[in-house]
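For reference, each letter of the sequence shown is one residue, going 110 to 602 in my numbering.
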Amino acid sequence: MATNPDNNEVKDPEMGPLDNVKFFEPKNKFEEPKKRKYPGFRKNIYDYFTEFSSNTGIHGFKYMGEQERSFTEKFYWLILFCISLYFCIYLIIQTWLKWDQSPVLVSFAQSPTPVWQVPFPAITICSETKTRQRVYNFTDYYHKVRDDMIAKEKNISAASNLTDEEIQKFSDISLICDNHLYSEGNKTTSFETIEYLISIAPPFGEVFMGCKWTSMNETCNNLFSPMLTEDGICFTFNMLDRSELFTNAVYLHGDYMGHDKRSEGWTLENGYPKDEGKDTFPRRAMSAGSKAGLFLLLRAYEQDLDYVCRGPVQGFKVLLHHPAEVPRVGTQYFRAPLNQEIVVAIKPDMMTTSAGLRNYDPHRRQCFFAEERQLQFFQNYTQQNCQVECVANYTRTRCGCVAFHMPHEESTKICGSGSNQCIFEAEQELLTREVESGLHRFEGDEEEGVSKAECDCLPACTSITYNAETSQADFNWPMLFQGFKANFSEFPG
């Protein structure tokens, strides 16, 4: 092989010259490859949407991604999908709000509770006769005081000439009569007022004539104990002793609500101990029916009836309540008229709360467990005990005293008849504030509802209420006594 230096040709002696063959060095030894073009963001979204719509199981969604469908049809399915999505989100929000406002469901127990596991209700009985007319004629003194007040307004001399002591007695008795009768007395009074109210009230022996418990004759003194209520002196069956009912902060005047029976092992949340016998306290019925209940024979003397103090209705008020709470006779009761036989069927409603709800805030579950709310005056928390304590504290703040029947400390003053209107207004104001608090909670403003609540008396997480169904018939006791040849001299008047 030979080369020509003039034209750089390469010649092969055997093959001949190789024309136009040139040798050169490339400009870049490693030339970069051309960049590959990828689809844009919109194209990716469209492809993903098309692939998703063709494979999804959502109804109507696949029609929006099919290429062969028109824009109008795709838009139609899009509108339907958005409407469905809106209603789904709306229902989810409504369900969440309902749970947030009421996270606890109330359901019936799957198994019935035996009647002997539920305490027999406490029964409070109040006579409508507040004063024995033989001892103090309230009607007569009412007219004398009224005439004196009219004479005072007309600046003429009083005809009755009542003494200060007589006016004070009338003022004391007006505490348990209707509010509109007299409110001109002193703003406060003393414990002597309570003693006087008891002295003129029908005594225990005149009210109770006979008692039976579980069809066995019992001495009424062993079943009932006296207590103070807004109706004056009343008598209560099957309620806890005051040493188990009140705290040491309460000043107890006299021996009211006291007896020698103790609740051995019984608690509001846990009930009776498993090894407890049938003779327990609070008492309990061993079976349903009238033979396992309480029988009472009550009486009132016609000559002692008064139609001015409490109006035209005579007889007795009867209230059923839990053994661990004090009664509020003025709020819920039924009447036992004179010359009538009353049969009362009691239906207890027992509410228990699952232990899994203990971690919830009490205002979310809408109840208090026993250890979550400690009252100032009561050892056991119930909604009614809380309300009684709240009314007492609010009345003390509003009026500077409390009604004679309210729990209080020793240093607290007792309201006289001159504070009757203030006590009434305090209860109405408190009721109004509680209603406003309930309305805020109902509207979903939980914080505002709690802040406006003066009492914050939620139900107890374990509670028992007693519903009464009554029936009555004429009680012809004169013919009964005549048939047994009983002595009518025991019933003067």
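Idealized CB from N, CA, C, for every residue including glycine.
Out of the options, which has the shortest C-alpha to C-alpha gap to residue i?
| i | options | result |
| --- | --- | --- |
| residue 517 | 355, 398, 331 and 150 | 355 |
| residue 564 | 536, 187, 292 and 167 | 536 |
| residue 434 | 257, 342, 538 and 487 | 487 |
| residue 448 | 432, 422 and 305 | 422 |
| residue 68 | 522, 429, 399 and 367 | With the chain running from 110 to 602 in the structure shown, residue 68 is simply not present. |
| residue 361 | 308, 208, 520 and 328 | 520 |
| residue 277 | 187, 305, 248 and 589 | 305 |
| residue 543 | 262, 386, 496 and 179 | 496 |
| residue 228 | 459, 298 and 235 | 459 |
| residue 570 | 467, 576 and 181 | 467 |
| residue 436 | 581, 340, 595 and 165 | 340 |
| residue 252 | 578, 316, 151 and 291 | 291 |
| residue 573 | 526, 595, 532 and 490 | 490 |
| residue 578 | 293, 358 and 454 | 454 |
| residue 476 | 461, 485 and 484 | 461 |
| residue 358 | 235, 484 and 188 | 484 |
| residue 606 | 313, 327, 365 and 441 | Since the displayed the chain opens at 110 and closes at 602, residue 606 lies outside it and no answer follows. |
| residue 493 | 527, 441, 541 and 507 | 441 |
| residue 427 | 338, 159, 185 and 248 | 338 |
| residue 288 | 386, 533 and 414 | 533 |
| residue 576 | 381, 255, 194 and 230 | 230 |
| residue 167 | 152, 193 and 149 | 193 |
| residue 445 | 237, 264, 200 and 196 | 237 |
| residue 363 | 336, 380, 531 and 152 | 336 |
| residue 312 | 255, 234, 200 and 279 | 234 |
Does the beta-carbon of residue i have 16 or more other beta-carbons within 10 angstroms, so that it is buried, or is it exposed?
| i | result |
| --- | --- |
| residue 383 | exposed |
| residue 592 | exposed |
| residue 243 | exposed |
| residue 529 | buried |
| residue 514 | buried |
| residue 111 | Only weak support is given to the placement of residue 111: the predicted model assigns it a pLDDT of 47, under 50, and the value that follows is read from those uncertain coordinates. Burial call: exposed. |
| residue 425 | buried |
| residue 399 | exposed |
| residue 344 | buried |
| residue 300 | exposed |
| residue 587 | exposed |
| residue 452 | exposed |
| residue 245 | buried |
| residue 432 | buried |
| residue 524 | buried |
| residue 120 | Reliability of the predicted coordinates at residue 120 is poor, the pLDDT of 49 falling under 50, and the value obtained from them is presented with this limitation in mind. With fewer than 16 Cβ atoms within 10 Å of its Cβ, residue 120 is classed as exposed. |
| residue 117 | Legend: pLDDT at residue 117 = 48, less than 50; position of this residue unreliable, no value from coordinates given. |
| residue 405 | buried |
In this structure, what does DSSP give as the bridge partners for residue i?
| i | result |
| --- | --- |
| residue 101 | Because the chain here runs from 110 to 602, residue 101 falls outside it and cannot be looked at. |
| residue 453 | 579 |
| residue 159 | Beta-bridge pairing links residue 159 to no other residue. |
| residue 234 | 344 and 427 |
| residue 264 | DSSP output for residue 264 lists no bridge partner at all. |
| residue 380 | 376 |
| residue 320 | 327 and 405 |
| residue 460 | 572 |
| residue 337 | 342 |
| residue 297 | 524 |
| residue 511 | 523 |
| residue 487 | 355 |
What residue does the alpha helix (DSSP H) around residue i start on, and which one ends it?
| i | result |
| --- | --- |
| residue 478 | Where residue 478 is concerned, there is no enclosing alpha helix (DSSP H), given that its DSSP letter is neither H nor E. |
| residue 505 | 492–508 |
| residue 280 | 273–282 |
| residue 330 | 329–332 |
| residue 209 | 180–210 |
| residue 590 | 586–592 |
Using a Cβ-Cβ cutoff of less than 7 Å, which residues in the same chain neighbour residue i once the five nearest sequence positions on both sides are dropped?
| i | result |
| --- | --- |
| residue 162 | 170, 171, 173 and 174 |
| residue 372 | 349, 353, 390 and 391 |
| residue 481 | 471 |
| residue 286 | 239, 418 and 419 |
| residue 324 | 400 |
For residue i, which residues of its own chain have a beta-carbon under 6 Å away from its beta-carbon, when the five flanking residues on both sides are left out?
| i | result |
| --- | --- |
| residue 560 | Because residue 560 carries a pLDDT of 48, less than 50, the predicted location of this residue cannot be relied on, and no value is offered for it. |
| residue 478 | 570 |
Could you pull out every residue in the same chain whose Cβ sits closer than 8 Å to the Cβ of residue i, ignoring the five residues on either side in sequence?
| i | result |
| --- | --- |
| residue 539 | 499, 500, 503, 563 and 564 |
| residue 222 | 459 |
| residue 182 | 172 |
| residue 522 | 297, 509, 510 and 511 |
| residue 584 | 448, 449 and 450 |
| residue 308 | 244 |
Please list the terminal residues of the continuous beta strand (DSSP E) segment that includes residue i.
| i | result |
| --- | --- |
| residue 444 | 443–445 |
| residue 407 | 403–407 |
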